[in-house]
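Heads up: the sequence lines are chains W and E, in that order. Read in the working numbering, the first sequence has 239 at position 239, and its numbers run on one by one without any break. Convert by adding 1000 to the 1-based position in the second sequence; the result is the number in the working numbering. Glycine included, C-beta positions come from ideal geometry on N, C-alpha and C. What follows is one structure encoded as structure tokens, with my remarks underneath.
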Amino acid sequence: MLTRLVARMDHEAQTAFNLADGMAMADSQPFDVVFLDVRLPDGNGLDVLSEIRRSPSNPEVIIMTGQGDPDGAELAIKNGAWDYIEKPASIDKMRLPLIRALEFRSERATTKVPRMLKSGGIVGSSPPMQASLNVLAQAASSDANVLITGETGTGKELFARGIHLNSSRAEKSFVVVDCAALPETLVESLLFGHEKGSFTGADKRQRGLIEQANGGTLFLDEIGELPLSMQRSFLRVIQERRFRPVGADHEKQSDFRLICATNRDLEAMIQEGRFREDLFFRLRAFLLELPPLREHLEDLPELVSHHLAKLCERYDIKVKTWSPDLLDTLSAHHWPGNVRELLNVLDRSIAAAGQEPILFPYHLPTYLRVQVARASVGKNARPEPNADAPLGPRTLGTLKMARESALDKAEKSYLEELMHNTGGDIKLACRISDLSRGRLYAVMKKHGVRRPK
Amino acid sequence: MSIVCFLPAGIPELDFLRQELGNAIAGRAVEYCQDLPQLLGRLRQPRPQVSLALLAAPDRAVLEGLLAERTAFAYLPVVLLMGDGGEAALAQAHLLAPRVLVDLGRDPGAIKDVICKILSRLRGFSPRTIYN
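See below:
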């Protein structure tokens, strides 16, 4: 019925009867819209929703299910589904979201985005990077709030700056607020500013960062670290674009565009009462999820070339080249610290090479070569979950790191056992674990745990 | 991990800040550069092993000097202390992409807290990028 409906609308349709075939088709051919059934012979459609969205043509996904399932609907929408319809659905119920999705695609294709994006130092032409750049272009052509997520070192600030540079606010300031760097005692007066005499040491009026961003872009990095008390104040600021400096008797207005970034799981923080849900929904008008480097290793040659040139320029030395086996070694690494770790590795390699004009694997840091060598002989060389460790000396680490690592291991082991014991029955797993369906999927995704086939 | 500081002499607030940093951070981890050429020379050493730059711009001339050499601060988090709180000066200051921009007259203890928070998070040389 669906195929006939699509044909009558002068579009082409193809059908896959299981997840594996569907994924293969999505990877190999361009599609505008995918109707995705939840119950398929080889798994749950919701499990592959994000993957389909990331396939080369970034299709819109309309979820279809045979039963009322509010949790599934929520999960589908949160993972970027275009719409969610229940079977059996009338022709009209199926046609309307399809028409809307196609209209959206058509409008987006003709939306005037900057013909030539100012890259602002963003490097990479792989499909995951292209998908991220597409979102960047869309975000740049609007004025909506943007939430950028991604592992540490994936370039969240760079993308935020890219959105600013390609927006109508590019001529004004891009104001960075590192929420994790500000002590609670300083956050309010730095963000909102203060009047002379408003506290001891306030000997002159000071413009806050919100005021400094007037006309431009305010970038709140590590938004998950913003204290709860400030989250409430800030919610009002982003709703009304008005704020009151410390010690002032009147409010001020600031016309800024807001971009936030985090590597934290804000939804988990909401459940733990550490992040406001209303603020979260305000922030994510546009959601840009940056891929980890291990998912776009094909960009390594471009990345190495670009950053090597920049580092050599910085040190005022002749630009070095590299041997092909250097890239082989880099490609075999897991990159827990992402592009930031790559910069560090190149920096160390330049120093190790000294006057030699070509970088060889021998110049790479020992930890990386050891890890790659161990992996090549089949041993488990994956780093511990505290992925930044290679960036510093290999030490025991802090208690917090050890605690987080232990917690990660325990959670993963619990989820694997849960899936094993329930045979992948999500309803039963939710009941046993006392987690909502959405939360269960989120933690399974975090730990890479899949339902048994 | 070390911090490179460019805190021009003769400004009382900066003297207090030096004392605060000296008390809070092990001596060898804080390096002071007397002038811009010394600072640039330090940052352009191969593998400079610098985690953070603490820069003070008491006036527009110093700020413009820093901006002219901003490629030296690429890949490095910067905390910038501004003497001029005027709109134009602040707009220029943001071109350096400081992680934290704060008034030079701010309580040195609070600035020290900012530095300590950033250092505790870095856990090693962790370059951040700026591409202006």
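Could you tell me which chain E residues have their CB closer than 9 Å to the CB of residue i, listed as they occur along the chain?
i	result
Q253/W	The premise fails here: Q253/W is roughly 15 Å from chain E at the closest Cβ pair, so nothing lies under 9 Å.
Q371/W	Per Cβ cutoff of 9 Å: no residues; Q371/W is ~17 Å from chain E at best.
D434/W	Result: empty, since nearest Cβ-Cβ is about 33 Å, beyond 9 Å.
For the beta strand (DSSP E) that contains residue i, what are its first and last residues?
i	result
M444/W	That residue, M444/W, is in no beta strand (DSSP E); its alpha helix (DSSP H) goes R437 to H447.
A261/W	R257 to T262
F234/W	Careful: F234/W lies outside any beta strand (DSSP E), inside the alpha helix (DSSP H) at L228 to E240.
Y367/W	Not the beta strand (DSSP E): Y367/W falls in the alpha helix (DSSP H), residues T366 to S376.
L1101/E	V1100 to D1103
T65/W	E60 to T65
L297/W	Premise fails: L297/W is in no beta strand (DSSP E) and is neither H nor E.
I85/W	D83 to E86
I37/W	Reading off the sequence, residue 37/W comes out as Asp, not Ile. Where D37/W is concerned, the enclosing beta strand (DSSP E) stretches over V33 to D37.
L288/W	F286 to E289
Nearest by alpha-carbon distance to residue i: which of the options is it?
i	options	result
K320/W	A332/W, H306/W, L330/W and D328/W	H306/W
E1069/E	D1035/E, Q1049/E, A1091/E and L1101/E	D1035/E
G124/W	Q231/W, L293/W and S106/W	L293/W
R369/W	M230/W, G448/W, T329/W and P56/W	T329/W
P357/W	C312/W, A285/W, L220/W and I163/W	C312/W
N214/W	I238/W, S254/W, L96/W and G247/W	S254/W
S1002/E	I1025/E, A1009/E and A1097/E	I1025/E
I163/W	S413/W, V177/W and S141/W	S141/W
S323/W	E341/W, E289/W, P361/W and G354/W	P361/W
K445/W	N166/W, L46/W and R236/W	L46/W
L359/W	T366/W, S349/W, P365/W and Y367/W	S349/W
T1071/E	A1097/E, D1084/E and L1054/E	A1097/E
I1011/E	A1110/E, V1030/E, L1021/E and G1083/E	G1083/E
S331/W	L288/W, L308/W, S376/W and L136/W	S376/W
H194/W	T185/W, L182/W, P183/W and R207/W	R207/W
Q271/W	G438/W, A429/W, K427/W and M419/W	G438/W
D299/W	L96/W, Q355/W, Y367/W and P128/W	P128/W
Residues of chain E with a CB under 8 Å from the CB of residue i: which are they?
i	result
E313/W	T1071
Q231/W	Under the 8 Å cutoff, chain E gives no residues; its nearest Cβ is about 18 Å from Q231/W.
R207/W	G1085, E1087 and L1090
Give me the chain W residues within the contact set of residue i, using Cβ-Cβ distance strictly less than 8 Å, ordered along the chain.
i	result
D1113/E	P183, T185 and L186
A1074/E	K310 and R314
List the endpoints of the continuous alpha helix (DSSP H) containing residue i.
i	result
I223/W	From DSSP, I223/W is part of no alpha helix (DSSP H); its letter is neither H nor E.
L283/W	E277 to L283
Y1032/E	Element bounds for Y1032/E: not the alpha helix (DSSP H) but the beta strand (DSSP E), V1030 to Y1032.
I210/W	L209 to Q212
M269/W	L266 to Q271
T3/W	L2 to R8
V1004/E	Taken as a continuous stretch (DSSP letters only), V1004/E belongs to no alpha helix (DSSP H), being part of the beta strand (DSSP E) at I1003 to F1006.
V345/W	N338 to A353
V1016/E	The question names Val, but residue 1016/E is Phe in the sequence shown. That run of the alpha helix (DSSP H) goes P1012 to A1024.
A26/W	L19 to S28
R53/W	L49 to R53
D1113/E	P1108 to L1122
T329/W	P324 to S331
Note down, in chain order, every chain E residue with its Cβ under 7 Å from the Cβ of residue i.
i	result
D203/W	G1105
Interface residues of chain W around residue i at Cβ under 9 Å?
i	result
I1118/E	D178, A180 and A181
A1057/E	Per Cβ cutoff of 9 Å: no residues; A1057/E is ~15 Å from chain W at best.
A1053/E	Ordered by position in chain W, no residue passes the 9 Å Cβ test against A1053/E, which lies about 13 Å from the chain.
R1044/E	R314, Y315 and D316
Give the interface partners of residue i over in chain W, defined as CB-CB distance under 7 Å, in chain order.
i	result
R1060/E	By Cβ distance, chain W contributes nothing, its closest Cβ being about 16 Å from R1060/E, past 7 Å.
A1110/E	P183, T185 and L186
V1102/E	L190
To be precise: take each residue of the segment 163-197 of chain W, compare its Cβ to all Cβ atoms of chain E, and keep it if any distance is under 7 Å. Which residues remain? S173, F174, V175, V176, D178, A180, A181, L182, P183, T185, L186 and L190
Which residue spans inside the segment 1041-1097 of chain E form an unbroken alpha helix (DSSP H) run of at least 4? 1060-1068 and 1087-1093
Anything in the segment 340-353 of chain W with a Cβ closer than 8 Å to a Cβ of chain E? List those residues in chain order, please. R340, L343, N344, D347, R348, I350 and A351
Listed from N- to C-terminal order along the chain, which residues in the segment 1080-1098 of chain E have their beta-carbon within a distance smaller than 8 Å of any beta-carbon of chain W? G1085, E1087, L1090, A1091, H1094, A1097 and P1098
Any C-beta of chain E within less than 9 Å: which residues of the segment 126-157 of chain W qualify? T152, G153, G155 and E157
Check each residue of the segment 1005-1018 of chain E: if its Cβ is closer than 8 Å to any Cβ of chain W, include it; give the result in chain order. none
Could you give the uninterrupted runs of the beta strand (DSSP E) lying entirely in the segment 106-184 of chain W, keeping only those of 3 residues or more? 146-149 and 174-178
Interface residues of the segment 210-225 of chain W facing chain E [CB-CB below 7 Å]: Q212
Quick one: which unbroken alpha helix (DSSP H) runs of 4-plus residues sit fully inside the segment 397-438 of chain W? Chain order, please. Qualifying alpha helix (DSSP H) stretches, in chain order: 399-422 and 426-433.
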